[in-house]
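Engineer: Residues 3 to 435 (our numbering) make up the sequence shown, in order.
The beta carbon of each residue, even a glycine, is placed where N, CA and C say it ideally should be.
Computed from a predicted structure; not experimentally measured.
Following this message is one structure expressed as structure tokens.
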Amino acid sequence: MKFGLSATLLAILPFATPAQKPPTQPRPITVDDLFQIREVSDPQLSPDSQSVAYTVKTLLLKEDRPEERVWAVPTAGGDAIPMTAEGVSSSHPRWSPNGKYLAFLSARNEGKTQVWLLNRSGGEAQRVTDTPQDVNDFVWSPDSTRLVLILRDPSEEELAAAKTKDKEKEDADEKKPKTKKPWVMDRLQFKTDEAGYLDRRRAHLYVLDLATGNLTQITSGDYDDARPAWSPDSRLIAFAGNRSKPDPDRTYNTDIWVVVANNTDKGAQLTQVTTNPGDDDMPSWSPDGKLITYITQLDPHLFQYTTHHVAVSPASGGQARVLTQSFDRNATEPRFSPDGSSIYFIADNDGTQNLCRVPVTGGEVTRAIGGRFMLYAYSLGQNGDLAAQIDMPDRPSEIYSQSASSNKLLPTCSDSRRARLVLPAPIGPSTTM
3 MKFGLSATLL
13 AILPFATPAQ
23 KPPTQPRPIT
33 VDDLFQIREV
43 SDPQLSPDSQ
53 SVAYTVKTLL
63 LKEDRPEERV
73 WAVPTAGGDA
83 IPMTAEGVSS
93 SHPRWSPNGK
103 YLAFLSARNE
113 GKTQVWLLNR
123 SGGEAQRVTD
133 TPQDVNDFVW
143 SPDSTRLVLI
153 LRDPSEEELA
163 AAKTKDKEKE
173 DADEKKPKTK
183 KPWVMDRLQF
193 KTDEAGYLDR
203 RRAHLYVLDL
213 ATGNLTQITS
223 GDYDDARPAW
233 SPDSRLIAFA
243 GNRSKPDPDR
253 TYNTDIWVVV
263 ANNTDKGAQL
273 TQVTTNPGDD
283 DMPSWSPDGK
293 LITYITQLDP
303 HLFQYTTHHV
313 AVSPASGGQA
323 RVLTQSFDRN
333 ATEPRFSPDG
343 SSIYFIADND
353 GTQNLCRVPV
363 TGGEVTRAIG
373 GRFMLYAYSL
383 GQNGDLAAQI
393 DMPDRPSEIY
403 SQSASSNKLL
413 PTCSDSRRAR
423 LVLPAPIGPS
433 TTM
């Protein structure tokens with residue numbers, strides 16, 4: 003099967019402004035050019051594959067900070083429209099499976115990062131979570147009635163702030179000590195990139211019922227839980243976590259687990275899907291709910307320096323099958339095709355990253371989207387359409403769409419805040435790696 007790659011919109015050339023045409027002759031990039039570039043990322047196809055939501059990051063020179071907004075553009079071509087307002091950053095757009103809502107993360111009114119909901123029929127965004135700590139991530143249930151959230155245990159300061167309002171909060175702020183408490187290290191792993199110093203607070207899964215607003219913690223313990231993925235029937239949630247005994251800090255043994263989404267015992271009863279002593283991560287369910295695909299690392303002694311492969315395992319646990327063991331490339335972000343016959347994943351290849359696929363029974367790896375570029379993220383529609391974020395050597399990231407039934411190159415669309423985009427030639431058809 004051959005696919006063409008269609009460019010929809012989504013970045014500016016680094017040397018253009020809305021009032022200018024792109025230059026015909028290249029020149030060295032300058033600092034001023036950097037502030038004209040809009041960084042696009044995180045493409046998300048709507049359930050009907052008619053729109054792509056994505057984020058646009060702008061570097062604000064005077065304010066000395068970046069600002070991120072959510073935009074959307076029709077896959078058939080047309081004008082991109084902003085979905086969130088200027089003045090506050092918003093990120094992580096996710097369509098509800100029924101197509102009625104677009105949820106995203108944003109910290110507004112000097113508060114914590116929360117989940118906000120946009121009704122596609124119109125109206126202002128509504129906040130649907132109110133937690134004392136930031137919401138780190140969320141995933142829609144397939145029936146569009148619930149969200150699974152990742153929340154880190156709140157600090158004492160966050161709990162205290164949540165109990166105070168208005169004047170009481172101001173008084174509490176005045177009484178806060180001017181010097182911070184020292185860090186007390188009582189863990190073997192005491193620091194990580196991006197997070198900084200670590201304490202005993204852990205990240206767990208919570209389920210939010212959108213109709214009632216009830217928030218229920220469904221995992222617990224002295225472990226960090228991540229990468230939640232709902233089963234197709236919205237009954238179970240797979241996730242990745244290092245629950246090694248006696249101390250998770252002593253190993254890199256992350257496994258795939260399954261928890262009942264409506265449990266009330268904070269995940270006291272879990273199903274362990276994988277038993278590989280290496281790192282197993284990024285779970286995703288098959289359409290029939292019988293299998294889970296994930297990324298596996300087979301040699302724990304080499305931890306992150308060994309090749310990561312695509313594997314599948316029965317969702318109830320059992321014998322795992324590594325599908326890319328003879329494929330000498332690192333794999334990431336595995337997802338089943340809509341018909342469950344193959345698995346898409348991102349693979350590195352000679353200084354590039356391409357979107358590949360492998361039959362669920364194993365066999366030849368082919369490229370769904372391949373070329374001399376870096377493909378950083380992708381979204382797969384139920385009809386087989388694709389949207390992807392791609393960097394090329396001579397331009398910033400852009401969002402491309404690919405139809406499962408056509409090689410048509412869609413026309414450029416642009417908005418008033420971006421320069422005209424010169425389309426590249428279509429990237430070549432699917433080929434064997």
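Should the stretch 203-210 be called in touch with the stretch 179-194, which here means at least 3 C-beta pairs below 8 Å?
Structural biologist: Not touching, per the Cβ criterion.
Engineer: Determine, using beta carbons only, whether L304 and V324 come nearer to each other than 9 Å.
Structural biologist: For L304 and V324, no; Cβs fall outside 9 Å.
Engineer: Return the first residue and the last residue of the alpha helix (DSSP H) that E366 is part of.
Structural biologist: No alpha helix (DSSP H) contains E366, which DSSP labels as neither H nor E.
Engineer: Which value, in whole angstroms, describes the spacing of the CA atoms of A389 and T57?
Structural biologist: If I take the Cα positions, the gap works out to 13 Å.
Engineer: Pull up the CB-CB distance for P442 and A164, whole angstroms please, since I reckon it's below 8 Å.
Structural biologist: In the structure displayed, the chain extends from 3 to 435; residue 442 sits before or after that span and is not available.
Engineer: In terms of residue numbering, what span does the beta strand (DSSP E) encompassing D441 cover?
Structural biologist: Coverage of the chain is limited to positions 3 through 435, which leaves residue 441 absent and any answer about it impossible.
Engineer: How would you label D226, buried or exposed, when you count the other beta carbons within 10 angstroms and need 16 or more for buried?
Structural biologist: Looking at its Cβ environment, which holds 16 or more other Cβ atoms inside 10 Å, D226 is buried.
Engineer: Using three-state DSSP, classify L104 as helix, strand or coil.
Structural biologist: It is a strand residue.
Engineer: Evaluate the contact criterion for the stretch 228-242 versus the stretch 275-284: three or more CB pairs, one atom per stretch, below 8 Å.
Structural biologist: These segments touch.
Engineer: Taking the continuous beta strand (DSSP E) assigned at K59, which residues delimit it?
Structural biologist: From DSSP, the beta strand (DSSP E) with K59 extends over 53-62.
Engineer: Spatial neighbours of Q219 within its chain, please: C-beta separation below 7 Å, excluding the five flanking residues on both sides.
Structural biologist: H206, Y208, K268.
Engineer: Just confirm the distance between the C-beta atoms of V312 and I294, as a whole number of angstroms; I'd bet it's less than 8 Å.
Structural biologist: That belief does not hold up - the Cβ atoms of V312 and I294 are roughly 12 Å apart, past 8 Å.
Engineer: Ends of the beta strand (DSSP E) at V117?
Structural biologist: Looking at the DSSP string, the run of the beta strand (DSSP E) that includes V117 is 115-121.
Engineer: Starting from H303, follow its DSSP beta bridges and name the residues at the other end.
Structural biologist: Answer is none; H303 lacks a bridge partner.
Engineer: Can you give me the C-alpha to C-alpha distance between I297 and A242, rounded to a whole angstrom?
Structural biologist: Straight-line Cα distance between these residues: approximately 10 Å.
Engineer: Would the beta-carbon of F375 fall within 9 Å of that of Q355?
Structural biologist: Yes, the Cβ-Cβ distance between F375 and Q355 is below 9 Å.
Engineer: Cutting at 6 Å between CB atoms, please list the residues of its own chain near V130, excluding the five before and the five after it.
Structural biologist: Only V117, L119 meet the Cβ criterion.
Engineer: T253 to A333, Cα distance in whole Å?
Structural biologist: Each residue's alpha carbon lies about 21 Å from the other.
Engineer: Which residues mark the beginning and the end of the beta strand (DSSP E) in which A228 is found?
Structural biologist: Here the beta strand (DSSP E) through A228 covers 227-232.
Engineer: Does DSSP put A164 in a helix, in a strand, or in coil?
Structural biologist: Note: A164 maps to helix in three-state DSSP.
Engineer: Entirely within the stretch 345-390 and at least 4 residues each: give me those alpha helix (DSSP H) ranges in chain order.
Structural biologist: Listed in chain order, nothing qualifies, since the stretch 345-390 has no complete alpha helix (DSSP H) run of 4 or more residues.
Engineer: Within this structure, are the beta carbons of A240 and A317 separated by less than 9 Å?
Structural biologist: In contact: A240 and A317 (Cβ atoms closer than 9 Å).
Engineer: Label V186 either buried or exposed according to how many other C-beta atoms from any shown protein chain fall within 10 Å of its C-beta, with 16 as the threshold for buried.
Structural biologist: Counting Cβ neighbours within 10 Å, V186 comes out exposed, since fewer than 16 surround it.
Engineer: At which residues does the beta strand (DSSP E) containing D34 begin and terminate?
Structural biologist: Segment 33-36 is the alpha helix (DSSP H) holding D34; no beta strand (DSSP E) there.
Engineer: Would you mind reading off the limits of the beta strand (DSSP E) that contains I99?
Structural biologist: Here residue 99 is Pro; the residue named in the question, Ile, does not match the sequence. Taken as a continuous stretch (DSSP letters only), P99 belongs to no beta strand (DSSP E), as it is neither H nor E.
Engineer: One question on the structure: do R96 and F106 come within less than 9 Å of each other, judged by their Cβ atoms?
Structural biologist: Contact: yes.
Engineer: Does G125 pass the burial test, meaning 16 or more other C-beta atoms within 10 Å, or should it be called exposed?
Structural biologist: G125 is exposed by the Cβ-count criterion.
Engineer: Per DSSP, what kind of secondary structure is D139 in: helix, strand or coil?
Structural biologist: If DSSP states are grouped into helix, strand and coil, D139 belongs with the strands.
Engineer: If you draw a straight line from the C-alpha of Y378 to the C-alpha of L272, how long is it?
Structural biologist: Roughly 32 Å between the two C-alpha positions.
Engineer: Out of curiosity, what's the CA-to-CA distance linking S399 and K59?
Structural biologist: Straight-line Cα distance between these residues: approximately 11 Å.
Engineer: Which residues in the same chain as D341 place their Cβ atom closer than 8 Å to its Cβ, once the five residues preceding and following it in sequence are excluded?
Structural biologist: Correct list, in chain order: P289.
Engineer: Could you compute how far the alpha carbon of T147 sits from the alpha carbon of L212?
Structural biologist: Near 6 Å, if we compare the C-alpha coordinates of L212 and T147.
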